[in-house]
Amino acid sequence: GFGYIKIDPGFQYDKEGVPEEIRVEQQEMNCGGGNPDTAENLQVEFGIWVTQKGVFKGYNVTLPGGAPLTLEALEHRQGVGPQMYRGEVNLWNWQSG
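Heads up, the sequence shown is in this note's numbering, so the first residue is 35 and it goes up one at a time.
Right, here's the structure in full:
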């Protein structure tokens with residue numbers, strides 16, 4: 035998959051012609067080894083490169099500060115400790131949320 039990033043105004047570029055919105059491929063989304071989820075209106079940091087055909091694209095897309103786009107980071111989760119816990123699911127219904 036792919037998506038588009040709208041670049042914040044005010045940046046100076048080493049190359050002319052950088053559009054205000056660039057395409058980014060799924061594999062360029064830094065998700066800490068996972069797959070990217072749908073995202074909208076999310077502040078990110080990224081690099082810009084130019085293809086051999088002269089198309090500007092984004093790469094290494096992260097959260098501000100370089101954090102990967104993990105679900106935990108996006109939901110601002112805070113862990114209860116470094117270890118993993120075990121248990122048994124008594125009831126879980128994906129349709130009830």
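Built from N, CA and C at the ideal position, the CB exists for glycine as well.
Selection Tyr47, Gly100 and Glu50 evaluated against Gln77 yields Gly100 as nearest (Cα-Cα). If the five residues before and after Ile56 are omitted, its C-beta is found closer than 8 Å to the C-beta atoms of Tyr38, Ile39, Ile41, Ile82, Phe90, Lys91 and Gly92, all from its own chain and listed in chain order.
Its chain contains no residue whose beta carbon lies nearer than 6 Å to that of Gly67 once the 5 sequence neighbours on both sides are disregarded. For Glu106, the uninterrupted alpha helix (DSSP H) run begins and ends at Leu105 to Leu108, by DSSP. In this structure, DSSP gives Glu54 a state outside helix and strand, which the three-state scheme calls coil. The continuous beta strand (DSSP E) containing Asn94 extends over residues Phe90 to Thr96. Sixteen is the threshold: since fewer than 16 other Cβ atoms of the shown chains lie within 10 Å of the Cβ of Met118, the residue is exposed.
Assignment of Glu74 by DSSP, reduced to helix, strand and coil, places it in the coil class.
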